[in-house]
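Asker: I have a structure I would like to understand better, so I am pasting it below and will then ask my questions one at a time.
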Amino acid sequence: MSVRVSKDFVGLTNIEFNCCSLHKTFSSQFIIKEDLIVRDDGSELVVPTKIWKLTNDAYPSIFPNQPSYLPHEPSTSRKSPSERITALKLRDEQNFAEWCTNDTVNSFEIFQETYAKKLGDGWLNIRTDNFVLCYRLDISQCPSIVVSMKIYKDLTVEIWHDSVLLKTKSYHFILGEHNKCDRWTKFDSLLSWLAAFKPNDVKPNEKIENAMHLIKDAYSQQDDSDKTLFFNNNKSALPLEKRKELGLPGKGGKLTKETQFALQFTTKSLIDIANHIFKEHTPEYILLGKFQTDSLEARFGQYRQMSGGNYNVSCLQIFESEKKIKIVNWKNFHSEKKGEFHIKSLEIFEATSEEFEVDEEFYEVFDTTTDVEISPEEMPAFIYISGYVAKKVSQKLNCDLCTSQFITTKGLEYEIDTACKYVSLLDRGGLKWPTKYTLEILVESYQIFNKLIRKEFEKEFLKANNHKQLLEHLVFEKMELLNSVPEVSCECKNNFVLIVKQCISISANIFF
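Numbered according to my numbering, the sequence shown terminates at residue 532, and the numbering increases by one at each position without gaps.
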């Protein structure tokens with residue numbers, strides 16, 4: 021193979037040949053003509069190289085004596101990935117800063133000049149020096165304003181829907197807590213949100229709140245002397261007053277004398293209360309509807325129910341009813357999940373299945389039931405309720421011997437004398453006195469139920485399908501563990517185990 025050397029290179033030294041060949045074949049941006057050295061003190065030393073070198077990305081781009089389409093200018097050197105990322109971030113930040121500047125509403129005057137261009141179809145507007153009003157009409161029947169938006173001079177916003185002023189917090193998700201339309205994107209979002217509002221779509225409670233708000237504003241602007249004027253006029257127009265003036269006896273075709281007196285007395289009391297509050301506390305307004313007697317009326321309704329449904333109850337019946345109510349409110353339970361709750365607050369649901377499984381961990385309840393102590397103040401309630409349990413069991417027993425296991429003819433001899441004394445106060449001759457065995461069943465039911473809603477067992481207990489059957493099963497197992505299920509032989513041949521289970525079931529009904 022022969023090598024032909026161009027005449028241009030004849031007579032050149034090796035160094036000159038190297039430099040000349042690189043210059044004639046490679047673009048200058050690929051040729052390294054200087055070496056850079058960094059000294060220990062950080063200064064740089066630049067030294068020209070005798071032998072030129074090429075960069076790592078060099079490629080020939082100059083071809084002398086060749087067709088013109090072969091030589092070309094090399095493309096500019098590409099930036100490294102990190103440099104490109106930095107440049108992109110810088111460009112994005114610049115674009116975002118420019119967009120934020122254009123999106124900002126700097127003044128109300130600027131808003132007035134531009135807002136009309138952003139209103140879509142169906143929007144009408146009114147422009148004044150102090151505010152701008154944008155609204156939509158419903159012209160399907162009688163023309164009416166569906167929704168309207170008022171932007172004030174300080175760029176704060178108020179919105180009405182069917183003549184009801186919306187709470188500012190309902191559109192805080194668009195304007196923020198400061199409630200200002202200081203960006204065009206906020207204005208666009210408001211228009212889009214309000215365009216979806218429909219006629220007669222306001223909730224009734226919102227209409228009531230708006231009406232109360234208007235009444236409160238009007239009422240707070242009155243003088244104190246005018247605020248009770250309505251009640252004074254109402255009082256003077258009562259039927260009882262008119263009847264007295266005219267000298268009419270009896271009902272006069274209206275209310276009863278007692279009802280009329282109650283109405284007059286209530287109105288007069290409200291006037292006195294309002295005058296006292298305005299004088300001592302100087303509020304802007306008073307909501308007299310907040311003065312309620314619902315709790316008192318509900319209590320007396322309970323007295324009537326507990327007294328045989330009689331409308332007029334005696335003082336003795338009220339005292340006896342109060343004693344029984346006190347017994348019912350015998351104990352608040354403590355759930356690890358729900359905290360303190362009363363037994364009346366439990367919601368009862370039918371079990372989806374009669375089948376249930378008892379996990380072995382539930383039997384650990386037996387080891388800790390003694391942690392649930394019963395105070396002397398609670399014992400009267402247990403005695404009273406266990407008497408109820410004994411009565412329910414005895415109703416299904418025809419055998420005196422079996423009945424004597426649950427009911428005694430004598431009062432319980434208990435360590436806490438007050439426990440029996442309180443029940444004695446309730447006894448008018450018809451109360452059943454439970455035996456200690458009946459009381460023991462109720463106490464065990466209470467202690468086990470109380471432990472099942474504690475931290476250790478509550479989660480698994482709530483997962484169970486049939487809570488009542490689970491409680492009955494655990495109580496019966498505990499009674500057997502304590503050897504408290506005696507084998508009573510009786511001529512009636514009743515199955516005493518079934519009777520005990522029935523007693524446990526009645527006790528469990530108190531909790532479920």
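Using N, Cα and C, we set each Cβ at its ideal position, and we do this for glycine too.
1) Which same chain residues end up closer than 6 Å to S527 when comparing Cβ atoms and leaving out the 5 residues on each side of it in sequence?
2) Is C201 closer than 7 Å to V177 when the C-beta atoms are compared?
3) Assuming L494 contacts V385 under a Cβ cut-off of 8 Å, what Cβ separation, rounded to an integer in Å, is found between them?
4) If you follow the alpha helix (DSSP H) that Y172 is in, where does it begin and where does it stop?
5) Between the Cα of A216 and those of T69, T286, W143, E478, spot the shortest distance and give me the residue it belongs to.
6) What residues match up with K200 in a beta bridge as DSSP calls it?
7) Under a three-way DSSP split, which group does R59 fall into?
8) Nearest to W453 by alpha carbon, out of K412, M169, R474, N418?
9) For Q312, count neighbouring C-beta atoms within 10 Å of its own C-beta (all shown protein chains included) and say buried if the count is 16 or more, exposed if not.
10) Measure the alpha-carbon distance for E492 versus K343 and round it to whole angstroms.
11) Ends of the alpha helix (DSSP H) at I519?
12) Checking the sheet assignment: what are the DSSP bridge partners for I52?
13) What residues in its chain sit with their C-beta under 6 Å from that of P68, if we drop five residues either side in the sequence?
14) Alpha carbon to alpha carbon, how far is T287 from E300? Give it in angstroms, no decimals.
15) Which residues does DSSP list as the beta-bridge partners of T428?
16) Cβ of G167 within 7 Å of Cβ of L214?
17) Does the region 128-146 touch the region 177-187, meaning 3 or more C-beta pairs lie closer than 8 Å?
18) Anyone know if the C-beta pair for A78 and F116 falls short of 7 Å?
19) Given L417, which residues of its chain have a CB within under 6 Å of its CB, disregarding the five upstream and five downstream residues?
20) Would you grab the beta carbon distance between S146 and L153 for me? Rounded to a whole angstrom, and I think it's under 8 Å.
21) Excluding sequence positions up to five away, which residues of its chain have a Cβ less than 6 Å from the Cβ of C512?
22) Classify P400: buried if its beta carbon has 16 or more other beta carbons within 10 angstroms, exposed otherwise.
23) I need the DSSP call for P68, collapsed to helix, strand or coil.
24) Between which two residues does the beta strand (DSSP E) containing D158 stretch?
25) Going by DSSP in three states, H557 sits in which element: helix, strand or coil?
26) Are the beta-carbon atoms belonging to F128 and K173 less than 7 Å from one another?
27) Contact defined as beta carbons within less than 8 Å: I believe S406 pairs with L459. What is the distance between those atoms, to the nearest angstrom?
28) Identify whether L139 lies in helix, strand or coil by the three-state DSSP scheme.
29) Apply the 10 Å Cβ neighbour rule to C523 and answer buried if 16 or more other Cβ atoms are within range, or exposed otherwise.
30) From E397 to Y404, what distance separates their C-alpha atoms?
31) CA-CA distance, N295 and I306?
32) Taking buried to mean at least 16 other C-beta atoms within 10 Å of its own C-beta, is Q49 buried or exposed?
33) Under the three-state reduction of DSSP, which class applies to N470: helix, strand or coil?
34) Taking the alpha carbon of M499 as the point to measure from, which residue in K479, I291, I530, Q467 has its own alpha carbon closest?
35) Using 10 angstroms around the beta-carbon of T455, count the other beta-carbons present and answer buried if the total reaches 16, otherwise exposed.
36) Closest by CA to I51, which one among T75, R59, V58?
Answerer: According to the data block:
1) V409, I461, L462, S465
2) yes
3) 6 Å
4) First-last for Y172: 164-172, but that is the beta strand (DSSP E), not the alpha helix (DSSP H).
5) W143
6) T176
7) coil
8) Closest option to W453, Cα to Cα, is K412.
9) exposed
10) 29 Å
11) 516-529
12) K73
13) E54
14) 20 Å
15) When DSSP reads this structure, T428 sits in a beta bridge with W453.
16) The amino acid at residue 167 is misidentified as Gly; the sequence shows Val. Going by C-beta atoms, V167 is nearer than 7 Å to L214.
17) Not touching, per the Cβ criterion.
18) no
19) Cβ within range, chain order: T423.
20) Looking at the sequence provided, one finds Ile at residue 146 rather than Ser. Contact between I146 and L153 holds: CB atoms are separated by about 4 Å, below the 8 Å threshold.
21) C419
22) buried
23) strand
24) 151-158
25) Here the chain comprises residues numbered 21 to 532, so residue 557 is not present and cannot be evaluated.
26) yes
27) 5 Å
28) coil
29) With 16 or more other Cβ atoms within 10 Å, it is buried.
30) 13 Å
31) One C-alpha to the other measures close to 10 Å.
32) exposed
33) helix
34) Q467
35) buried
36) T75
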